[in-house]
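I have placed the structure first, in the form of structure tokens, so that the comments after it can refer back to it.
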Amino acid sequence: MNRLTRDFFMRDVLEVAPGLLGKTLVRKQENGIIKKYLITEVEAYKGEKDLACHASKGRTPRTEIMYHEGGHIYIYLIYGMYWMLNFVTAIKDTPQAVLIRGIEGYNGPGKLTRNLFIDKSFYGENLNSSGRLWVEKGLKQNEIKIKTTPRIGIDYAGEIYKNKLWRFVMG
DNA sequence: TCGACGATTGCC
DNA sequence: GCAATCGTCGAG
């Protein structure tokens, strides 16, 4: 079995996020067909101090899952139209998540979820046990070049956090 | 209850 | 450049 285990996601988000580049996102559709995509672009959102992180506003019904242990799926709707796919990281009570921004073939977090038919119903599912979405090994870490940049669309996050190089792109 | 706003996208 | 479109959250 190539599925990444709980331990992979139980680390700090700044380790997990770049570690997800080159890994394989696996989606099993309702008709049983399995599709696999290399992960090419991610962003890290780290804790209540990170003003770009939804958890900066504390524990709410929406952010609740980020306070659980790594490996859970955090999904939310943005601009009334697009579902954003995130993976919770680290141990319990440290709200962190990785936004999956791009996979091979689809660039853009909204287009990605639309094409893979991922929506609110995935909220709270666990990548260790889900029968329809998980992550597997992919490229070897030494085969990958990683570029870092500031995160997209978070100008409101204040000078410190909007400039953090927490977007990771493969290639 | 109400209003403001957003980790985006695609069209003008 | 800007509208689409609606769940979430804090204020009233």
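For the first sequence, position 105 (counting from the first letter as 1) is numbered 480 according to this note's numbering, and the numbering increases by one without interruption.
In this text, a Cβ means the ideal position worked out from N, Cα and C, and glycines have one as well.
This one's a predicted model, so the numbers in the text were calculated from it and none came from an experiment.
Opposing strand residues paired with residue i [DSSP bridges]
| i | result |
| --- | --- |
| Lys486 | DSSP lists no partner for Lys486. |
| Tyr611 | The shown model of the chain, from 376 to 546, leaves out residue 611, and the question about it has no answer. |
| Tyr481 | Ile478 |
| Arg378 | Glu511 |
| Tyr412 | Leu400 |
Same chain only: Cβ atoms within 7 angstroms of residue i, ignoring 5 sequence neighbours per side
| i | result |
| --- | --- |
| Thr523 | Leu540, Arg542 and Phe543 |
| Tyr481 | Leu487 and Asn490 |
| Gly499 | Ile440, His447 and Ile448 |
Bounding residues of the alpha helix (DSSP H) (the contiguous stretch that carries residue i)
| i | result |
| --- | --- |
| Phe492 | That residue, Phe492, is in no alpha helix (DSSP H); it is neither H nor E in DSSP. |
| Ile535 | Gly533 to Lys537 |
| Ala392 | Val388 to Leu395 |
Where the beta strand (DSSP E) through residue i begins and ends
| i | result |
| --- | --- |
| Phe548 | The chain is shown only over 376 to 546; residue 548 falls outside these bounds and no answer can be derived. |
| Gln360 | Given that the chain is displayed from residue 376 to residue 546, the structure contains no residue 360 and the question cannot be resolved. |
| Tyr449 | Ile448 to Ile453 |
| Phe462 | Tyr457 to Val463 |
| Met545 | Arg542 to Met545 |
| Leu502 | Element bounds for Leu502: n/a, residue is neither H nor E. |
| Arg402 | Thr399 to Lys403 |
| Thr524 | Ile521 to Thr524 |
Chain-order list of residues whose beta-carbon lies under 6 angstroms from that of residue i (same chain, five-residue window excluded)
| i | result |
| --- | --- |
| Thr438 | His429 and Ala430 |
| Asn501 | Gly446 and His447 |
Contact set for residue i: own chain, Cβ-Cβ below 8 angstroms, skip 5 residues either direction
| i | result |
| --- | --- |
| Ile557 | The requested residue 557 does not occur in the structure, where the chain is confined to residues 376 to 546. |
| Thr399 | Asn377, Lys411, Tyr412, Leu413, Ile414, Val510, Glu511, Lys512 and Gly513 |
| Tyr483 | In the sequence as presented, Tyr is not what sits at residue 483; that position holds Gly. Once the five neighbours on either side are set aside, the close Cβ partners of Gly483 are Arg476 and Gly477. |
*Does the segment 458–466 come close enough to the segment 377–394 to have 3 or more Cβ pairs within less than 8 angstroms?*
yes
*On the three-pair Cβ rule with 8 angstroms, is the segment 499–510 touching the segment 519–536?*
no
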